[in-house]
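Student: At position 123 of the sequence shown (counting the first as 1) the number is 123 in this note's numbering, and the numbers step up by one without a gap.
We put the beta carbon where it would ideally sit given N, CA and C, even for glycine.
It should be emphasised that the depicted structure is a prediction, and the values quoted were computed from it without experimental measurement.
Next up is a structure, given as structure tokens.
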Amino acid sequence: MEDYLRVKLEDMEKSKREVEFELFRLKQNEQTGLVAEVEAMQDTINAASNKIRNKDAIIADVQNQLLNEKEYSSNLKSTIDSLKQVEAHKNSQVMTVKKAASNKQQAAQDTIQKLQRQLDEKSKEVVRFSTKWKRAKFDYDTLRKTLDTAGAKRKSDDVEQAPPKKQYRGACVEDSSGDEDDEEPLLQQWTRKTAVPIAGMAKIKLEKEDE
């Protein structure tokens, strides 16, 4: 800009000298008609000179505008960088929250699956226990019924096998002949030979089912 103005100034000064020389020549030749034109040209030269004198002010103004533009650009860049940092921080926080939520969800699913497996195992245990209980109750009821039947039969046999009573000195005395007291009662024999083995077999059966 300064070079351009300097060149322009030199051209104008050169033109000024030429005009002044021409004016001097015209004055010398007393050409009155050209004097007015020369004066107008002189005004133009003076205006150009004034503009040249103001070149420093124009250059300073342009420089100030450039500085303002640079400062504005720098501030704008700083603002953009700050916004990018804030956005990156927010994105990092979002990723952290998402990861924590995913971990909690996975932990909850694992816990649910674990509890479901435990529930299934407990349900199976309940079914097995219920089956064992029903079988044990059936065996118990069968054994109880068998014992009741055997007890009733034993009482009937005792009545049928009662020894004859004899009259002795006016008193009713049972015949003490034989060794019935030494024999094992029929109910105890049946329990020892039949009921106990049945109970043992039922117990062994339940133990095998547990295995």
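Is it the case that the Cβ atoms of L9 and I52 are separated by a distance below 9 angstroms?
Tutor: Here the question's residue 9 lines up with position 9 in the sequence shown. Here the question's residue 52 lines up with position 52 in the sequence shown. Cβ distance < 9 angstroms, so L9 and I52 count as in contact.
Student: Quick one: Cα of Q118 to Cα of K124, how far?
Tutor: As a working mapping, residue 118 is identified with position 118 in the sequence shown. As a working mapping, residue 124 is identified with position 124 in the sequence shown. Their Cα atoms are separated by approximately 10 angstroms.
Student: Roughly how far, in whole angstroms, is the beta-carbon of A40 from the beta-carbon of M12, given that I think they are within contact range, below 8 angstroms?
Tutor: As a working mapping, residue 40 is identified with position 40 in the sequence shown. As a working mapping, residue 12 is identified with position 12 in the sequence shown. About 15 angstroms; that fails the 8 angstroms criterion.
Student: From F21 to L66, what distance separates their C-alpha atoms?
Tutor: Mapped onto the sequence shown, residue 21 falls at position 21. Mapped onto the sequence shown, residue 66 falls at position 66. Each residue's alpha carbon lies about 42 angstroms from the other.
Student: Using the three-state DSSP reduction, which class does N54 fall into: helix, strand or coil?
Tutor: Within the sequence shown, numbered from 1, the residue matching residue 54 stands at position 54. In the structure shown, N54 sits in coil (DSSP, three-state: anything other than H, G, I, E or B).
Student: Tell me the rounded alpha-carbon separation between V94 and E71.
Tutor: On the sequence shown, position 94 is the one that residue 94 refers to. On the sequence shown, position 71 is the one that residue 71 refers to. If you take the alpha carbons of V94 and E71, they lie about 35 angstroms apart.
Student: Pull up the distance between the alpha-carbon of W213 and that of S102, whole angstroms please.
Tutor: Examination of residue 213 is not possible in this model, given that the chain is present from 1 through 211 alone.
Student: What's the gap between the Cα of Q137 and the Cα of A100?
Tutor: Counted from its first residue, the sequence shown places residue 137 at position 137. Counted from its first residue, the sequence shown places residue 100 at position 100. Per the sequence presented here, residue 137 reads as Lys, with Gln not at that position. If I take the Cα positions, the gap works out to 54 angstroms.
Student: Can you round the beta-carbon distance between V62 and Q42 to whole angstroms, since I take them to be within the 8 angstroms contact cut?
Tutor: Locating residue 62 in the sequence shown gives position 62, where the first residue counts as 1. Locating residue 42 in the sequence shown gives position 42, where the first residue counts as 1. 30 angstroms between Cβ atoms; not a contact.
Student: Going straight from the alpha carbon of L143 to that of A107, what length do you get?
Tutor: As a position in the sequence shown, residue 143 is number 143, starting the count at 1. As a position in the sequence shown, residue 107 is number 107, starting the count at 1. Between L143 and A107, the C-alpha separation is close to 53 angstroms.
Student: Compute the distance between the beta-carbons of K55 and L23, then report whether it is under 9 angstroms.
Tutor: Working through the sequence shown from its first residue, we reach residue 55 at position 55. Working through the sequence shown from its first residue, we reach residue 23 at position 23. The answer is no: Cβ separation not under 9 angstroms.
Student: Note down the Cα distance separating K122 from Q105, rounded to an integer number of angstroms.
Tutor: Translated into positions along the sequence shown, residue 122 becomes position 122. Translated into positions along the sequence shown, residue 105 becomes position 105. K122 and Q105: Cα-Cα distance of roughly 25 angstroms.
Student: Alpha carbon to alpha carbon, how far is S78 from S15? Give it in angstroms, no decimals.
Tutor: What you label residue 15 is simply residue 15 of the sequence shown in a count that begins at 1. What you label residue 78 is simply residue 78 of the sequence shown in a count that begins at 1. Cα to Cα, S15 sits roughly 52 angstroms from S78.
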